[in-house]
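S.K.: Everything in the sequence shown is counted per our numbering, starting at 12 for the first residue and increasing by one. For glycine and all other residues, C-beta sits at the position ideal for the given N, C-alpha and C. Quick one: the structure is below, questions incoming.
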Amino acid sequence: TTTTSTTPVPVTSTKSPEPPVPDVGSWNVTEDNVTCIRADLRIRFDIYLNDKTEYIVLSPNASSSGDCSNGTQVLEIQDSDYSLVLYFGRDDASTYVKNITFSYTLPIEVLFIMIPNCFL
């Protein structure tokens, strides 16, 4: 007699890597020894490009600048590859974010993927 032993093949799955968790950064805007904006933020942008997700994590060491005007107050967080600008407004009841602008410089290899017929 012949005996055959069968061992079940383990099922493997490819799990996507966990997205990076940003560190908390603290930024403020101060004019004339008065702080008009203080932001303690943990920021990550998920960018979907060419069926792939790229993560942009803002550095807690990024520099900040801004404006403490009466109408609209502005906080700009900057690093070498990006700029995040938050515009705040205020009414009698609350302070709120009016607008957010994010600019990011793509690595050159991504530009060639996105614009394959572009000649420099």
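(1) Mind checking P28: buried by the 16 CB within 10 Å criterion, or exposed?
(2) Return the residue from the list N39, F99, P30, I67 that minimises the CA-CA distance to G82.
(3) Return helix, strand or coil for V35, following the three-state DSSP convention.
(4) Does N39 have its Cβ less than 8 Å from a Cβ in chain C?
(5) Would you report the Cα separation of L117 and W38, rounded to the nearest angstrom?
(6) State the Cα-Cα distance for the pair N128 and N61, rounded to the nearest angstrom.
(7) Quick one: grab the DSSP three-state call for S70.
(8) Alpha carbon to alpha carbon, what distance is there between S76 and V5?
M.R.: This is what the structure holds:
(1) Here residue 28 refers to the residue found at position 17 when the sequence shown is read from its first residue. Under this definition P28 is an exposed residue.
(2) Position 71 of the sequence shown, counting from 1, holds the residue named residue 82. Of the listed residues, the one whose Cα sits closest to G82 is F99.
(3) The residue you call residue 35 lines up with position 24 of the sequence shown. Reduced to three states, the DSSP call for V35 is coil.
(4) Here chain C cannot be found, since the structure has a single protein chain.
(5) What you label residue 117 is simply residue 106 of the sequence shown in a count that begins at 1. What you label residue 38 is simply residue 27 of the sequence shown in a count that begins at 1. The straight-line gap from Cα to Cα measures roughly 24 Å.
(6) To locate residue 128, count along the sequence shown from 1; it is residue 117. To locate residue 61, count along the sequence shown from 1; it is residue 50. With a pLDDT of only 49 at N128, under the threshold of 50, the placement of this residue in the model should not be trusted; the figure read from the coordinates follows. Distance between the alpha carbons of N128 and N61 is about 16 Å.
(7) The count along the sequence shown starts at 1 and reaches residue 70 at position 59. Note: S70 maps to coil in three-state DSSP.
(8) The chain is shown only over 12 to 131; residue 5 falls outside these bounds and no answer can be derived.
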